[in-house]
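Peer 1: Offset between the sequence shown (1-based) and this note's numbering: plus 282.
We put the CB at the ideal spot given by N, CA and C, even for glycine.
Since the structure is predicted, the reported quantities are computational estimates derived from the model, not experimental observations.
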Amino acid sequence: MLNYIVADFYRIFRKKSFYLFLAVCSLGFIALNFIMSGNNYTSEIYTILTGTLLNLVPIFVGVYSFGAVYTDDLRSKSLQTAIGFGKKRSEIILVKLIDATLLMLIFTLLILVHVHVVPMVMGLKLEAGHVLGLNTAVLISFLKSIGFFALSSVAVFFFQKATTATTLYVLLSAGVFHMMFSIFLTQSFVINAIGNLQPYLLTEVIGSISMYIQNGTGDIVLNLMIMGGYILVATVAAIIVFNHKELEF
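1. Check whether the segment 396-408 touches the segment 305-324, counting contact only when three or more Cβ pairs, one atom from each stretch, lie closer than 8 Å.
2. Inspect the CB distances between the segment 467-477 and the segment 447-458 and report whether three or more fall short of 8 Å.
3. Here's the rule I'm using: 16 or more other beta-carbon atoms within 10 Å means buried, otherwise exposed. How should Pro340 be labelled?
4. Does the segment 419-437 come close enough to the segment 332-339 that 3 or more CB-CB pairs lie under 8 Å?
5. Any idea if Gly344 is buried or exposed, counting beta-carbon neighbours within 10 angstroms, 16 or more meaning buried?
6. Could you compute how far the alpha carbon of Phe440 sits from the alpha carbon of Phe524?
7. Taking the alpha-carbon of Ala432 as reference, which of Ile380, Lys369 and Asn285 has the nearest alpha-carbon?
8. Give a yes or no on whether the C-beta atoms belonging to Thr329 and Gly415 are separated by under 8 Å.
9. What whole-angstrom Cβ distance do Lys502 and Tyr494 have, given they're in contact under 8 Å?
10. Just verifying my parser: in three-state terms, what is the DSSP assignment at Gly405?
11. Keeping to the same chain, check which residues put their C-beta closer than 6 Å to that of Phe303; ignore five residues upstream and five downstream.
12. What do you get for Ile473, buried or exposed, if any count of 16 or more other CB atoms within 10 angstroms of its CB means buried?
13. By how many angstroms is the C-alpha of Asn417 removed from the C-alpha of Leu394?
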């Protein structure tokens, strides 16, 4: 398994697009802040602006990570090659989730560096509340991305189509599915039948984790267990559908 992970990252790090993506994100964030800089650019405005951008991380950075780990293999048909060399399908699914998590962790650490170094260079002094809020936003964007990776992996290994898998990830990360399920689960006839399950949606659970970190409210252990349950169930489902699915050639 370790060799498979190393091989995947060797492939990712060899791509020029990886470094181009890093450069565009880094320079874009720096340029935006210098454009906004001026006498009225305060730490509060910086925190609001950066927090807004961090909410978009699961969409933009997440889509790139998802593509680099999952959909590149679908386009190159390397899944067939891996299975041909004796890799178990369950191992492939686990490796891909680990790959996506590690790649997103790399991006998250780089984001943290930018979030804290840029205001220092610009002479902005972040208060403790600002630092906590930004750090929490970075963590939440990471957790959302991992959860969406796991859920989308079911589509990856069922449809085995790069476009379909990417589209489903985008819909997840953009909150489309969350909005649809929220509307359905908050209908009175649904609540009367099965109770209010809206707080158990993945995005709501991660939001509760954020509230605990910032305010100390809620049950952090329960919410982490629910999130872990999402990832576990999605991974098992991906293994089941992949084991019963013929490879697309």
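Peer 2: In terms of the structure at hand:
1. yes
2. no
3. As a position in the sequence shown, residue 340 is number 58, starting the count at 1. Result: buried.
4. yes
5. Looking up residue 344 in the sequence shown gives position 62. Looking at its Cβ environment, which holds 16 or more other Cβ atoms inside 10 Å, Gly344 is buried.
6. Numbered from its first residue, the sequence shown carries residue 440 at position 158. Numbered from its first residue, the sequence shown carries residue 524 at position 242. For Phe440 and Phe524, the distance between alpha carbons rounds to 6 Å.
7. For the purposes of this step, residue 432 is identified with residue 150 of the sequence shown, where counting begins at 1. The option with the nearest alpha carbon to Ala432 is Ile380.
8. On the sequence shown, position 47 is the one that residue 329 refers to. On the sequence shown, position 133 is the one that residue 415 refers to. Yes, Cβ-Cβ distance for Thr329 and Gly415 is below 8 Å.
9. Locating residue 502 in the sequence shown gives position 220, counting from the first residue. Locating residue 494 in the sequence shown gives position 212, counting from the first residue. A small correction: the amino acid at residue 502 is Ile; Lys does not occupy that position in the sequence shown. That belief holds up - the Cβ atoms of Ile502 and Tyr494 are roughly 4 Å apart, short of 8 Å.
10. Here residue 405 refers to the residue found at position 123 of the sequence shown. Gly405: coil per DSSP, three-state reduction.
11. Taking the first residue of the sequence shown as 1, we reach residue 303 at position 21. Cβ neighbours of Phe303 beyond the five flanking positions: Tyr346.
12. For the purposes of this step, residue 473 is identified with residue 191 of the sequence shown, where counting begins at 1. Counting Cβ neighbours within 10 Å, Ile473 comes out exposed, since fewer than 16 surround it.
13. Indexing the sequence shown from 1 puts residue 394 at position 112. Indexing the sequence shown from 1 puts residue 417 at position 135. In a straight line, the C-alpha of Leu394 is about 7 Å away from that of Asn417.
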